[in-house]
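In our numbering, the protein residues as written are 6 to 360.
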């Protein structure tokens, strides 16, 4: 609400400034005529002057509002310059003939009717041009400000997601399970133990280094996810199955960091993983959306679940591309689809600078 009030206040002030600017020549001429009565030119009354100032202000406000209002710009596709020009020309014609029907300008004041009409039309066009120019500057400033806000929100959301993932991996329960797995493997398979420790190291390294990145390639995300999944497979040998059918030509696409890991972890956290109830996770791509699905066998009690993982992931996608994630649940499985991005303009983080 405060934003809308501020927006209206700015438009009113700009309209007032344009109206004053447009009336300055008329005011100067009126004062000059009053100071030189011998010229024989009729004086403009203050009532007449006030009326013209009011309609000048209303015209300025109307055209500013039309060119700034997003609810009008979007349906009419006025973000295209040609459409915006046509809209303003049409409105100019409507306003011009509306003023003519109202008797503005008053013809009795004219030394030359044609000259008065010409000057009136020129002043009207100049005023509307000022309004369009001011509206364009205002829209650009607002868009730039909104982009900065979205970039800051995106960086914050990424940091929160990475922090949540890191906090999960530092959870004593996770560390205990990982160390217990290492302890069970170390006497039986030294090579497998080294692989597990290497994967564990890669997981933590990735989590610590990906905080400042708004997006990464699917290649980077899959390398990290593969290391994370390898750890899970060692812990749940024979009880967990992960199928990755993502075609390689999608690996250059972009997505927020820790996205797939979050979905895999979500499946592990909420479902039973046992020999009686093995869990199957599938990672695939359909119509440029990556889908992570899992079979359902919900745990009775879920420890350490805050319920914010999917919400935060959805918020990150809203900041990135104004698109939400998809969630589908059936009796057999649960799936989440996330968009894969072809391109992304790197946001500038002005708040954090390296020393």
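All C-beta atoms, glycine included, are put in the ideal place defined by N, C-alpha and C.
Name the DSSP bridge partner or partners of residue i?
i           : result
residue 155 : Residue 155 pairs with nothing; no bridge assigned.
residue 255 : Its beta-bridge partners do not exist; DSSP assigns none.
residue 291 : 294
residue 261 : Answer by DSSP bridge pairing: none, since residue 261 is not bridged.
residue 343 : 295
residue 338 : 300
residue 331 : 342
residue 221 : 260
residue 246 : 285
residue 371 : Outside the shown range of the chain (6 to 360) lies residue 371, about which nothing can therefore be said.
With 16 as the cutoff for other CB atoms within 10 Å, does residue i come out buried or exposed?
i           : result
residue 328 : exposed
residue 246 : exposed
residue 314 : buried
residue 152 : exposed
residue 210 : exposed
residue 264 : buried
residue 321 : buried
residue 270 : buried
residue 286 : buried
residue 237 : buried
residue 150 : exposed
residue 230 : buried
residue 234 : buried
residue 183 : buried
residue 232 : buried
residue 204 : buried
residue 116 : Since pLDDT at residue 116 reaches only 46, below the 50 mark, its modelled position is unreliable, and no value is offered.
residue 337 : exposed
residue 253 : exposed
residue 239 : buried
residue 213 : exposed
residue 156 : buried
residue 146 : exposed
residue 18  : exposed
residue 334 : exposed
Note down, in chain order, each residue of its chain lying with its Cβ closer than 6 Å to the Cβ of residue i, except the 5 sequence neighbours on either side.
i           : result
residue 295 : 343, 345
residue 331 : 342
residue 221 : 262
residue 114 : With a pLDDT of 46 at residue 114, under the threshold of 50, the predicted position of this residue should be treated as unreliable, though the coordinate-derived value follows. Within the same chain, residue 114 has no close Cβ partners at all.
residue 319 : 329, 330
residue 158 : 324
residue 208 : 232, 233
residue 218 : 262
residue 293 : 345
residue 249 : 288
residue 142 : none
Between residue i and the rest of its own chain, which residues show a CB-CB distance below 7 Å, the 5 nearest in sequence each way excluded?
i           : result
residue 70  : 16
residue 1   : Nothing can be reported for residue 1, as the shown portion of the chain is limited to 6 through 360.
residue 58  : 24, 28
residue 243 : 280
residue 272 : 284, 286, 299
residue 20  : 62, 65, 66, 69
residue 266 : 170, 229, 230, 233
residue 304 : 275, 276, 277
residue 326 : 344, 346
residue 268 : 297, 341
residue 282 : 302
residue 201 : 186, 187, 190, 236, 239
residue 14  : none
Grab me the residues of residue i's own chain with a C-beta within less than 8 Å of its C-beta, minus the 5 sequence neighbours each way, in chain order.
i           : result
residue 251 : 223, 227, 288, 289, 290, 295
residue 256 : 222, 223, 224, 227
residue 278 : 241, 244, 245, 284
residue 348 : 259
residue 55  : none
residue 45  : Per-residue confidence for residue 45 stands at a pLDDT of 48, beneath the threshold of 50, marking its modelled position as unreliable; the derived number appears in the next sentence. Nothing meets the Cβ criterion.
- prompt: Do the region 16–28 and the region 57–69 touch if we need at least three Cβ pairs shorter than 8 Å?
  reply: yes
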